[in-house]
Amino acid sequence: MKWVSAADCGLALCEVCGRVENAAEHACCSRCHAPLHRRKPRSIERSWALLLAAYVLYLPANLLPIMETRSLFGVQRDTILSGVAFLWNSGSWALALIVFVASVVVPLLKLLSLSLILVSVQQRNVQARQCARLYRLLEVIGRWSMLDVYVVAVLVALVQAQSLATIAAGPGVLAFGAVVVLSMMATMAFDPRLIWDAASTHEPVEMNRESKRTTKT
Amino acid sequence: MSARLTVCHECDALLQEVPQAEGGGNAICPRCGAGLYRLGPDKLQVLLALSLSALILLLLSNLFPVVGLNIQGHQVETTVFGAAGQLWRDDMPVVAGLLLATTVLIPLIEMLALAWMLLPLCLGRRPPAFVLLFRGLRLAQPWAMVEVFILGVLVSLVKLSHLADVLPGTAIWCFGALMLVLAVLSSLLDHRVLWRAWEAAR
Ligand SMILES: [Zn+2]
Ligand SMILES: [Zn+2]
């Protein structure tokens, strides 16, 4: 069975309120007055731009210190990786793993997989179901990378003006926060419908077995 | 347009709408597997109650300290605002803003907007500025990160535990409860429900 896309019928889904409108008759949604688009305008270009900015900042985010601990024994600068190493060495393996995944693996994986999706959409060579699943995963996990920013914020606030040590935020936090925000924005700028547009010119059939399932409880 | 047709927001497939009466659960797009909308009766009152309790919890979690430290009898505590203030003084205004926005301001705006919309809708009235607030709600949603913040607090507690006695503050429990309420809320909240209520109201 071949799926009919709304754009083929001249219909557009309002991105704000979810109303289905005739795109030829209405420039704006008749219910909420948001501008109607069949696809997000210039979605791939905007997504690439934000993604490239995130790539550029990924290096300083991991290389620059995210916090500086000043104590009697001198100044210690911690990057994200050395923070993970510290947790690992002090015996909190589970937590070290969580921080490593959330702060190092997830951001990189996110950037790489969004690039993969963008490239394959542009090449019109898409495994649509896998791509759609990957994109949905990106939307869910992106936020968890903010973890390290919060850790630094709490540490900085607590370890202040004591005899033992003071902790200050390093420039890496700024870069890191920017990577998280930029990659979230890049994910949002991308229009997942483009995956299916690219796939339908390529392989229109093959969806038969799933077509009867419409609800799941 | 006829009300029977619906369009998947992820793959643009034109689909037949499943009748609302058909039990609970979510309608799934048969083409791409995206969750489309909730089935079953609209629970406006439940949503309103949840958003109001989220507001109260949000207030409480910012009044009380999140974590405390006891270093050689020296007690230190911090709230979210305290942490943001310290970052601000450390010449990190952007990071301070990010912290405040994602844990306090955006959830606050979100819940206020929701309560503002739901209260009149429960009484069968159309709330003023509904469209504006709804768009704001959609924009704000991805940026509220209460659950990530809680994990961040836990990680920092472990990091500090070698240095001093750490004391989880009252606010961490409030944040935990807030996280649960928000999770239930987002699983129940379907934008179609709001618009259906809006169309039914006058
Ligand atoms: Zn609309
Ligand atoms: Zn779909």
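Note that the protein sequences, when read in sequence, are chains A and B.
Everything in the first sequence is counted per the numbering used here, starting at 2 for the first residue and increasing by one.
Everything in the second sequence is counted per the numbering used here, starting at 199 for the first residue and increasing by one.
Virtual Cβ for every residue (Gly too), placed ideally from N, Cα, C.
For a Cβ distance threshold of 7 Å, residue set Val346 of chain B lies close to Trp145(A), ordered along the chain.
If you draw a straight line from the Cα of Pro325(B) to the Cα of Pro318(B), it comes to about 6 Å. The continuous alpha helix (DSSP H) containing Arg134(A) extends over residues 129-142.
Residues of the segment 18-34 of chain A that bring their beta carbon within less than 8 Å of a beta carbon in chain B comprise Cys18, Gly19, Arg20, Val21, Glu22, Asn23, Arg32, Cys33, His34, in sequence order. Taking a 10 Å sphere around the C-beta of Asp198(A), we find 16 or more other C-beta atoms and assign the residue as buried. Judged by pairs of C-beta atoms under 8 Å, the segment 235-251 of chain B touches the segment 371-384 of chain B, as three or more such pairs exist. For Met147(A), there is no enclosing alpha helix (DSSP H), as DSSP marks it with neither H nor E.
Counted as a single uninterrupted DSSP element, the beta strand (DSSP E) harbouring Ile168(A) occupies residues 166-170. Between the segment 280-295 of chain B and the segment 349-361 of chain B there are fewer than three inter-stretch CB-CB distances shorter than 8 Å, so the stretches are not counted as touching.
At a threshold of 6 Å, Glu308(B) does not count as near ligand 2, since its beta carbon sits no closer than that to any of the ligand's heavy atoms.
Secondary structure at Arg20(A): coil, using DSSP grouped into helix, strand and coil.
For the set Leu321(B), Val344(B), Pro305(B), the Cα lying nearest the Cα of Gly334(B) is the one of Pro305(B). Listed along chain B are Glu208, Cys209, Cys230, Gly231, Ala232, each with a C-beta nearer than 8 Å to that of Ala133(A).
Residue range 242-261 is occupied by the alpha helix (DSSP H) that includes Asn260(B). Taking 7 Å as the threshold, the shortest C-beta distance from Trp94(A) to chain B does not fall below it.
Identification of chain A residues near Leu267(B) by a Cβ-Cβ cut-off of 7 Å yields Leu159, ordered along the chain.
The continuous beta strand (DSSP E) containing Asn268(B) extends over residues 265-269. For the C-beta of Trp4(A), the chain B residues within less than 8 Å are, from N- to C-terminus, Cys209, Ala211, Leu212, Arg229. Remark: three or more beta-carbon pairs, one from each stretch, lie closer than 8 Å, so the segment 165-180 of chain A and the segment 140-156 of chain A are flagged as touching.
Only those residues of the segment 252-278 of chain B whose C-beta falls short of 9 Å from the nearest C-beta of chain A are listed: Val264, Val265, Gly266, Leu267, Ile269, Gln270, His272, Val274, Glu275, Thr276, Thr277, Val278. Relative to ligand 1, the nearest heavy atom lies less than 6 Å away from the CB of Val17(A). Beta-bridge pairing by DSSP links Gly75(A) to Ser72(A). By the rule that beta-carbons nearer than 7 Å mark a contact, Ala7(A) touches chain B. The set of residues with CB atoms less than 6 Å from any heavy atom of ligand 2 reads, in chain order, Cys206(B), Glu208(B), Cys209(B), Ala211(B), Cys227(B), Arg229(B), Cys230(B), Ala232(B). If you draw a straight line from the Cα of Gly322(B) to the Cα of Leu242(B), it comes to about 11 Å. Among the CB atoms of chain B, none fall inside 7 Å of the CB of Tyr59(A). For Val106(A), the closest Cβ of chain B is not nearer than 7 Å. The C-alpha of Val160(A) is placed about 47 Å away from the C-alpha of His207(B).
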